[in-house]
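*Asks:* This structure is in structure tokens; I'll ask about it shortly.
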Amino acid sequence: MVTICENYSNMWGFTFSPAKSKLLQFGKRRTSTPTYLYQEPINYVTSARHIGIQLDTSLKTMDRTLKACRTLRSTTTSVIRLGIHPAIVNPIVCAKIIRQLCYPKALYGCELWGKLTCTEILMLERTHHYICKFIQGLPRRTRSDMCVSLLGWLSIESFICERKLLFFGRTCRLPYSAVSFRILLRRLIDARYNQYDTRSGFACDIIEILTKYGLSKYLDQFLNDGQFPSSAT
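Here the sequence shown is numbered in my numbering, starting from -4 and rising by one per residue.
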């Protein structure tokens, strides 16, 4: 793969930086074979950031979830301290601003998150409930379900599922020649018809979400005739 990248850069007249390049090995089997880019070695690392998403070779996601919770708390506190406070602004307006500014920042890349553990979901929900009470100026011991319903919000798990479904819909409406569309189609077929042992990944996750919300018919229609409903539907 490194050779492919090197040949591609030579063909289009640009270069990668070997010093800034990092190599991650996923899986239990590891190799210490040196890898070179432009005849310069690339360092092996256990974690790296790619387009804003932290990748870890151990496939552990607890650190990512902890960071999302901290970011959500800190950004919400910063925004409210700027003057968007329930004592000044209507809580509904405040909630809308927080939802548009803080949640996308804290949950950046959640479309590609795998299935969360019960502990991770509990951590995210506790932070979500804290934000709901903070926005409305309610005591911390107030019932969480009432605080969320007063704002018209759902659980943060539902928010993540919504982001995944929107990402899935945009990918399904891409042209057939798009590489991402063809990769997704192959993964969906493998996961749907059990051609391979695929128990994890975005395809299996999206199938589970569609089944959970009773939307499996749209997946069957897409796999049968390639038609996917528009966002207006």
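A virtual CB, placed ideally from N, CA and C, is assigned to each residue, including glycine.
Checking the sheet assignment: what are the DSSP bridge partners for S42?
*Replies:* Here residue 42 is taken as the residue at index 47 of the sequence shown, counted from 1. Paired residue(s): D51.
*Asks:* Which residues in the same chain have their Cβ closer than 7 angstroms to the Cβ of G209, if we skip the five residues on either side of it in sequence?
*Replies:* Your numbering for residue 209 matches position 214 in the sequence shown. Same-chain partners within the cutoff: there are none.
*Asks:* According to DSSP, simplified to helix, strand and coil, what is L133?
*Replies:* As a working note, residue 133 is residue 138 in the sequence shown. Coil at L133, not helix or strand.
*Asks:* Given a cut-off of 8 angstroms, decide if I87 and L133 are closer than it, judged by their beta-carbon atoms.
*Replies:* The residue given as residue 133 occupies position 138 in the sequence shown. The residue given as residue 87 occupies position 92 in the sequence shown. The answer is no: Cβ separation not under 8 angstroms.
*Asks:* Quick check: the Cα distance between A237 and S225, rounded to an integer number of angstroms?
*Replies:* For residue 237 there is no data in the structure shown, the boundaries of the chain being -4 and 228.
*Asks:* Drop a sphere of 10 angstroms on the beta-carbon of T71, count the other beta-carbons inside from all chains shown, and report buried for 16 or more, exposed for fewer.
*Replies:* As a first step, residue 71 must be located in the sequence shown, where it is residue number 76. Buried, since its Cβ has 16 or more Cβ neighbours within 10 Å.
*Asks:* Have a look at the DSSP bridge pairing and note the partners of Y31.
*Replies:* In the sequence shown, the residue the question calls residue 31 occupies position 36. BP columns for Y31 point to P36.
*Asks:* Per DSSP, which one or two residues make a beta bridge with K17?
*Replies:* Stepping through the sequence shown from its first residue, residue 17 is reached at position 22. Bridge partners of K17: N38.
*Asks:* Would you mind sorting D220 into buried or exposed? The rule is 16 or more other CB atoms within 10 Å of its CB.
*Replies:* Here residue 220 is taken as the residue at index 225 of the sequence shown, counted from 1. Its Cβ having fewer than 16 others within 10 Å, D220 is exposed.
*Asks:* Hey, could you find the ends of the alpha helix (DSSP H) A63 is sitting in?
*Replies:* As a first step, residue 63 is located in the sequence shown; it is residue number 68 there, counting from the start. That run of the alpha helix (DSSP H) goes M57 to R76.
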